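Below: one structure, written as structure tokens.
Residue numbers (this note's numbering): 35 to 183.
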């Protein structure tokens, strides 16, 4: 999911409750906070020796176990935080969005968006942790799959 898609999704689900499901039936507790939004500029060299450069947006979620359960987060609250970030440090709207979260025995991981469920009052963002990949091998496999032999 790209940053502009997340912003558009939050705007279209105005006033809905916001939930994050990190595994089937496992939800980030309702006491979560968006504690940081990272506008990351990545430069790297892959195992094929190619230099890469890309941006990503990482939304960090934090859970305070000492905080009493309160009403669920809303899309409006999340959008207001992201809009504030965008005024202070403009986000690359084409950057891929990730969510960073860990809690208790669950180690902090960076999650991609797997699926969106939006019913009449709740926007549920289903997350998954992507495995690491060898980019040259992945691109070669994709290229081979698209060839006509």
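C-beta atoms are modelled at their ideal positions from N, C-alpha and C, and glycine is treated no differently. All of these numbers come straight from a predicted model, not from anything done at the bench.
The alpha-carbon separation between residue 149 and residue 39 amounts to approximately 13 Å. Between the stretch 59-73 and the stretch 82-93, the count of Cβ pairs shorter than 8 Å is three or higher; the stretches touch.
Assigned with DSSP and collapsed to three states, residue 151 falls in strand. For residue 93, the pairing in a beta bridge is given by DSSP as 71, 133.
Apart from the 5 residues on each side of it in sequence, residue 104 has no Cβ closer than 6 Å to any other Cβ in its chain.
Checking the DSSP bridge columns, you'll see residue 158 partnered with 53, 151. Across the structure, residue 153 and residue 159 are spaced so that their CA atoms are roughly 12 Å apart. Non-local beta-carbon contacts of residue 169 in its own chain, meaning distances under 6 Å to residues more than five positions away in sequence, involve 80 in chain order.
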